[in-house]
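Participant: Before anything else, here's the structure in question.
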Amino acid sequence: MLLQDHPFFAQLIGLLACLMGASAFLQRQDKQLRAQLTLNGLLMGMHFLLLGSPASAINTTLSAVRTLVSGYYRGKGVMVFFLVTSWLLVLPKLTHPMQLLPLLGTTLTTYALFRLESLSLRLCMLASSIGWLAHNLWLGSWGGIMLESLVIVLNGHTSFHLYRQRRAGLAKTSSP
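In structure tokens, the structure reads:
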């Protein structure tokens, strides 16, 4: 009996990934955010593979590696490597236009992880999550739907607090 024959197992892995992803976006430190997103990506890769979506599985697994590497190497060359690799590996596996949304989201997140920090990083990831949410609704990924919904709320909450901290800092430096 193959694991693919048991959608409950696939959905269970997706729910575990959801918990990891939700925890990640509660982190205010970028290093902790990246570590938890790496684990989340590996779990989601397994989840999508078991749901029969190899394009999404490749995308999320490669994203997990990218997220880890981006914590240590932020050069443009490494970023371009992951962008090109994502498109080369995922594009041939696309079987439906909805599968393009995660690839576009991955492109945006890759740029953000390598070139942005703090609030800007999280806002790009927020935009990416919207595309992933639409994809997961289409695919029927319970864990993915819950994950991206939670990520949108939690990342939005953390982003709002970072925005307020930034404004408070600007107010302090701009007053006479």
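Here our numbering is used: the first residue of the sequence shown is -12, the next is one more, and so on. All residues carry an ideal CB built from backbone N, CA and C; glycine is no exception. These numbers come from a predicted model, not from an experiment.
How long is the line joining the alpha carbons of Asn27 and Cys5, rounded to whole angstroms?
Facilitator: Cα-Cα distance, rounded: 7 Å.
Participant: How big is the Cα-Cα spacing for Met85 and Lys18?
Facilitator: If you take the alpha carbons of Met85 and Lys18, they lie about 31 Å apart.
Participant: Output yes or no for whether 7 Å exceeds the beta carbon distance between Leu124 and Ile132.
Facilitator: Result yes, Cβ atoms of Leu124 and Ile132 sit closer than 7 Å.
Participant: Let me confirm a value: Pro89 is counted as buried when at least 16 other C-beta atoms fall within 10 Å, else exposed. Which label applies?
Facilitator: That one is buried.
Participant: Run the CB neighbour count on Glu135, radius 10 Å, all protein chains shown included, and call it buried at 16 or more, exposed below.
Facilitator: That one is buried.
Participant: Can you tell me whether Thr48 is helix, strand or coil according to DSSP?
Facilitator: Thr48: helix per DSSP, three-state reduction.
Participant: If you reduce the DSSP assignment to three classes, tell me which class Leu103 lands in.
Facilitator: The answer is coil: DSSP assigns Leu103 none of H, G, I, E or B.
Participant: Could you give the distance in angstroms between the alpha-carbon of Gly115 and the alpha-carbon of Pro41?
Facilitator: One detail in the question is off: residue 115 reads as Ser in this sequence, not Gly. Cα-Cα distance, rounded: 19 Å.
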